[in-house]
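The structure appears below as structure tokens.
In this note's numbering, the protein residues as written are 51 to 320.
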């Protein structure tokens, strides 16, 4: 066996083990959805059933928790994405020594444990501002660190932006708002969509921060954690399977639209 073939075999084996490690738990979870056992397990196999989908749709508390998480995620997207965009534009235009300090301050929430963010947010907003726990405080707490993810995405996109485009528009008489709306924002639109998607997912799966600021609301992660303590059924597996299917379908649709757009752009250029 040659060195190149050995290297190719080794890389292929590593990739196979990586994807097995990544997707095998999801496969096991999906198979457990169709087991008649009232506990989410594959072994022992007690028979095929679809009753857990019916149990899922009959669980009113779970659906209220899901809608609560969706509402919180939408609020986080509406708040974190503009904050991240503003921070990225500030850092991109800041060329003094203060840039390193400002960058460290803006990224620091990512290095702070979610428990600390949740407690500090609750203490500050509740005792000093008078905003108690609930949807609003949950959105504020999550946005305080999710905005940093959005900022990093925008900064990566801005690294490839040519400032000469803005300078040319300003020389031709455009206002700063027109330059941002007609040049900068369209260029950043792919990053805006990516940041919105990442912000929503980060909000949807967050537990450590949410548990301290949720008040009387029960997001999906908190509901699932409570069910783990009181008795988890495969209805949660059914919900997870549906969410995975929706995510895969969305990714397929996005990829189809992206390829169509690429073909149109290539045809227009040719």
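Yeah, the Cβ is synthetic: ideal placement off N, Cα and C, and Gly gets one too. Given the structure is predicted, the values throughout are model-derived calculations rather than measurements.
Contact check for residue 207 against residue 238 passes: the beta carbons are separated by less than 8 Å. A direct Cα-to-Cα measurement between residue 74 and residue 294 gives close to 14 Å. Per DSSP, the unbroken alpha helix (DSSP H) holding residue 170 starts and ends at 164-174. The stretch 180-192 and the stretch 145-157 do not touch, with fewer than 3 CB-CB distances between them shorter than 8 Å.
Taking the C-beta atoms as reference points, residue 130 is found nearer than 8 Å to residue 249. With the rule of 3 Cβ pairs closer than 8 Å, the stretch 219-227 does not count as touching the stretch 251-263.
In this structure the stretch 111-124 does not lie against the stretch 154-172, because fewer than three pairs of beta carbons, one per stretch, are closer than 8 Å. By the neighbour-count criterion, in which 16 or more other beta carbons inside 10 Å mark a residue as buried, residue 304 falls on the exposed side.
Closest option to residue 291, judged by alpha-carbon separation, among 80, 60, 61, 138: 80.
Under the three-state reduction of DSSP, residue 84 is assigned to coil, being neither helix nor strand.
Restricting attention to 140, 235, 135, 254, the CA atom closest to the CA of residue 199 is found in 135.
When beta bridges are read from the DSSP output, residue 73 appears opposite no residue.
Taking the Cβ atoms as the reference, residue 168 lies roughly 3 Å from residue 262, within the contact range of under 8 Å. For the stretch 192-274, the full-length alpha helix (DSSP H) segments reaching 4 residues or more read 214-221, 226-229, 235-255, 260-263 along the chain. If you keep only unbroken alpha helix (DSSP H) runs of at least 4 residues inside the stretch 84-133, you get 101-108.
Taking each of 286, 91, 115 in turn and checking the Cα distance to residue 103, the smallest one comes out for 286.
Apart from the 5 residues on each side of it in sequence, residue 196 sits with its Cβ closer than 7 Å to the Cβ of 126, 130, 249, 252, 253 in its chain, given in chain order.
Shown here, residue 283 sits in coil according to DSSP, grouped into three states, outside any helix or strand. Taking all protein chains in view, the Cβ of residue 146 is surrounded by fewer than 16 other Cβ atoms within 10 Å, so the residue is classified as exposed. In summary, residue 273 is buried, with 16 or more beta-carbon neighbours lying within 10 Å of its beta-carbon over all protein chains present. Across the structure, residue 171 and residue 76 are spaced so that their CA atoms are roughly 34 Å apart. In the DSSP assignment, residue 144 falls outside any alpha helix (DSSP H) and carries neither an H nor an E.
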